[in-house]
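My numbering numbers the first residue of the sequence shown as 2 and each following residue consecutively.
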Amino acid sequence: MTRYNPSFELTVADVDLIETALHQTKDVLSKRHLSREHLASLEGAGNNGKAQDLSETMQKIHDLLGKLHNQKVFFRPQNEVYLGG
């Protein structure tokens with residue numbers, strides 16, 4: 002029986018690449034979801050499931066990006082004035 006590997010060896014650059022790819026995928030799906038042509042094609046009978054699948058995929062990507070963001074550790078300089086932005 003197969004099982005999941007509980008240990009991952011990803012570098013910060015790897016995680017950054019994954020995050021960038023997720024943002025780009027989310028942008029593409031969002032534009033497709035909002036395009037008039039796509040919405041018109043989904044109005045046909047039986048295509049309502051496609052719109053639902055697209056929304057679910059976008060929600061999963063959004064949730065995963067949130068998990069990645071929440072695991073980041075943001076540092077503030079201790080000996081300098083912090084200029085947030």
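By construction, the Cβ of each residue, glycine as well, lies at the ideal position given by its N, Cα and C atoms.
What's the gap between the Cα of A88 and the Cα of M2? Nothing about residue 88 can be reported from this structure: the residues present for the chain run from 2 to 86 only.
For a test of the three-state rule: what should DSSP assign to L55, helix, strand or coil? Along the sequence shown, one-based indexing puts residue 55 at 54. Three-state DSSP puts L55 in a helix.
Who are the near neighbours of L65 in its chain, counting only those whose CB is closer than 7 Å to its CB and skipping five residues on each side? As a first step, residue 65 must be located in the sequence shown, where it is residue number 64. Hits under 7 Å: L23.
Among the candidates K73, Q79, L35, whose CA atom is the shortest distance from the CA of E20? For the purposes of this step, residue 20 is identified with residue 19 of the sequence shown, where counting begins at 1. That would be K73, whose Cα lies nearest to the Cα of E20.
Looking at L30 and M59, is the spacing between their C-beta atoms short of 7 Å? Taking the first residue of the sequence shown as position 1, residue 59 is located at position 58. Taking the first residue of the sequence shown as position 1, residue 30 is located at position 29. The answer is yes: Cβ separation under 7 Å.
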